[in-house]
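Chemist:
Protein chains: 2
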Amino acid sequence: MSKSERPATQCPVGRTLERVGDGWTLLILRDAAQGLTRFDQFEKSLGVAPNILTKRLAGLVENGLLEKHAYSERPPRYEYLLTDRGRDFAPVLTAMLAFGNRHFALEGVAGQLVDRETGVPAEPIMVDRVSGKPITSEHFAYAPGPAAGPEVLARVAFMAERQAKG
Amino acid sequence: MSKSERPATQCPVGRTLERVGDGWTLLILRDAAQGLTRFDQFEKSLGVAPNILTKRLAGLVENGLLEKHAYSERPPRYEYLLTDRGRDFAPVLTAMLAFGNRHFALEGVAGQLVDRETGVPAEPIMVDRVSGKPITSEHFAYAPGPAAGPEVLARVAFMAERQAKG
DNA sequence: TGGGGTAACTTGCTTTTCGCAAGTGAGTGG
DNA sequence: CCACTCACTTGCGAAAAGCAAGTTACCCCA
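Protein chains in written order, with our numbering: chain A, 6 to 171; chain B, 6 to 171.
#1: Would you mind working out which of B:ALA169, B:VAL161, B:TRP29, B:GLU67 sits nearest B:LYS49, comparing C-alpha positions?
#2: Would the beta-carbon of A:VAL161 fall within 8 Å of that of A:TYR147?
#3: Could you tell me whether the Cβ of B:ILE33 comes closer than 8 Å to any Cβ of chain A?
#4: Our contact map puts A:GLU43 next to A:LEU98 with C-beta atoms below 8 Å; I'd like the distance itself, whole angstroms only.
#5: Please determine, among A:LEU41, A:GLU23, A:LEU102, the residue with the shortest C-alpha to C-alpha distance to B:GLU23.
#6: List, in order along the chain, the chain A residues whose C-beta lies closer than 8 Å to that of B:ARG24?
#7: Going by the DSSP bridge assignment, what does A:LEU178 pair with across the sheet?
#8: Using CA atoms only, rank isn't needed, just tell me which of A:ASN68, A:THR141, A:LEU41, A:GLU128 is closest to B:ALA95.
#9: Just verifying my parser: in three-state terms, what is the DSSP assignment at B:ILE130?
#10: Take B:GLU128 as the anchor and find which of B:LEU31, B:PHE145, B:ALA100 has the nearest alpha-carbon.
#11: Checking 8 Å against the spacing of the C-beta atoms, do B:PRO155 and A:PHE109 come in under that value?
#12: So that I know if they touch, is there some Cβ in chain B lying closer than 8 Å to that of A:THR59?
#13: Would you mind telling me which residues of chain B sit closer than 7 Å to A:ASN106, beta carbon to beta carbon, in chain order?
#14: What residues from chain A crowd round B:VAL114, counting only those whose CB sits closer than 7 Å?
#15: Exposed or buried, which one is A:GLN168 when buried takes at least 16 other CB atoms within 10 Å?
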């Protein structure tokens, strides 16, 4: 996507995508969630070019999802550890995992989340933490928040108009 | 990322990213979920170049998330409608929305999901549909499925080894 | 009948980014 | 002291993205 200064969206999805909405970045986060920490581990696992990896790791550190930590001073060696923010990204990956299994597991499920105790595969869905209601368009709607600017308001207005008509 | 034939991952997250793991593609899906259907609506909303938009829409159609539907034959006019598969992608966007609001809403929340009846903002989390347990690494682990090949098995083995050590 | 507008693109060109290969620095192991 | 590991950087050609303009096929209005 363009690097040039586009006018900084307010949309929370857009905000997320601006920072981590890159293929390699998401794969790095997947691998980090599975316990990879070192440059060459990511390099081998992903088959990514080192210059690209350097950039993506720097971006993740800059945005606070990874922390660069020296585990050896001489020689200088680093590992990249997930921060709390990075760990908090897990639901996005979980949602992608579930979606991939539902739609792109042609030859059957290759990897899945299972209950540690029972071994039963999970069926991850999104619910509201408080009410427990599943997040569907039936129960929930996109609405402006306290900081909503014209961009979001216009979008919500469009959706409302659309709902009224059709 | 590279278009050249890399050896087709089995990882469900990887599978998903291969097909829709592109910034513009994800933004198109966001907009489609909010009711946009037409070429020029996406073009204006996203500020994306038309040649790029054409490619992304074609990719989404090819992967079965959108359907190209003629709403006028003369002149030929098309709209792009979410398929069931496309609608099923919503949890990923919801997870990104929640993540964005938790971490990148500097000046306050601009857009959020609210309960249609009560107007109370949702706090979307992932749970197992059957047991209702929240999807955390405490309760759930990544495990090979019936179709797991060496790639997934090696990854799981690595994670287990890592867990054992500390 | 003709000028303007809309919608959904395509084409051509420039700029940016990516991917690959090779190189570098600071060590460790034999 | 030679090979090897790790975490990179540099240089270069290829691929992709962005921009502007053009195209097709209508409809509307006077």
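Every residue gets a Cβ at the ideal spot worked out from N, C-alpha and C, and that includes glycine.
Modeler: Taking the geometry as given:
#1: The residue given as residue 49 of chain B occupies position 44 in the second sequence. The residue with the shortest Cα to Cα distance from B:LYS49 is B:TRP29.
#2: The sequence position of residue 161 of chain A within the first sequence is 156, counting from 1. The sequence position of residue 147 of chain A within the first sequence is 142, counting from 1. Contact: yes.
#3: Within the second sequence, the letter at position 28 stands for residue 33 of chain B. With 8 Å as the cut-off, B:ILE33 does not count as an interface residue toward chain A.
#4: Mapped onto the first sequence, residue 43 of chain A falls at position 38. Mapped onto the first sequence, residue 98 of chain A falls at position 93. According to the sequence as given, residue 43 of chain A is Arg; it is not Glu. No, A:ARG43 and A:LEU98 are not in contact; Cβ-Cβ is about 20 Å, not under 8 Å.
#5: Taking the second sequence and counting its residues from 1, the one referred to as residue 23 of chain B is at position 18. Distances from the alpha-carbon of B:GLU23 to those of A:LEU41, A:GLU23, A:LEU102 put A:LEU102 closest.
#6: Taking the second sequence and counting its residues from 1, the one referred to as residue 24 of chain B is at position 19. Contact of B:ARG24 with chain A by beta-carbon distance below 8 Å involves PHE109.
#7: This structure cannot speak to residue 178 of chain A, because chain A is shown only from 6 to 171.
#8: The count along the second sequence starts at 1 and reaches residue 95 of chain B at position 90. Closest option to B:ALA95, Cα to Cα, is A:THR141.
#9: In the second sequence, residue 130 of chain B corresponds to position 125, counting from 1. Looking at B:ILE130 - three-state DSSP - the assignment turns out to be strand.
#10: For the purposes of this step, residue 128 of chain B is taken as residue 123 along the second sequence, with counting starting at 1. Comparing Cα-Cα distances from B:GLU128 to each of B:LEU31, B:PHE145, B:ALA100, the minimum goes to B:ALA100.
#11: Here residue 155 of chain B refers to the residue found at position 150 when the second sequence is read from its first residue. Here residue 109 of chain A refers to the residue found at position 104 when the first sequence is read from its first residue. Their beta carbons are not under 8 Å apart, which means B:PRO155 does not touch A:PHE109 by this criterion.
#12: Here residue 59 of chain A corresponds to residue number 54 of the first sequence, with the count starting at 1. No, because no Cβ of chain B sits closer than 8 Å to the Cβ of A:THR59.
#13: Within the first sequence, numbered from 1, the residue matching residue 106 of chain A stands at position 101. The answer, in chain order, is PRO17.
#14: Working through the second sequence from its first residue, we reach residue 114 of chain B at position 109. Correct list: GLY150, PRO151, ALA152.
#15: The sequence position of residue 168 of chain A within the first sequence is 163, counting from 1. A:GLN168 comes out exposed.
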